[in-house]
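**Student:**
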Amino acid sequence: MAMNARSASQALRAFRPVAVRPAVIPVCRSYATSSEPDLKTTFQQVLPAKRELLKKVKALGDKVIGEVKVENTLGGMR
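If you read the sequence shown in my numbering, its first letter stands for residue 1, the second for the next number, and so on.
(1) Could you check whether K56 and D62 sit closer than 8 Å to each other, using their CB atoms as the reference points?
(2) Grouping DSSP H, G and I as helix and E and B as strand, with all else coil, what is K69?
(3) Can you round the beta-carbon distance between K50 and L74 to whole angstroms, since I take them to be within the 8 Å contact cut?
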């Protein structure tokens with residue numbers, strides 16, 4: 001019964017007028033001509049600031065957050 005309803009709906013879809021059918025839009029991706037920097041360049045720009053931030057957080061390693069120390073949270077992030 002379900003197959004009949006499914007095949008009937010597929011058959012009816014084939015008879016739809018062209019104007020009602022959704023237009024197919026070709027999607028082209030141009031990775032080689034992208035003006036965005038690549039991943040390596042992005043990491044080179046961001047990494048020094050993140051290293052400094054990590055040093056500052058590690059300096060606060062003995063501070064307690066609730067029942068856990070900061071150094072324990074850093075260990076859990078690995």
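For glycine and all other residues, C-beta sits at the position ideal for the given N, C-alpha and C.
**Tutor:** In terms of the structure at hand:
(1) It is not a contact, given that the beta carbons lie outside the stated cut-off.
(2) K69 sits in a strand when the DSSP states are folded into three classes.
(3) That belief does not hold up - the Cβ atoms of K50 and L74 are roughly 13 Å apart, past 8 Å.
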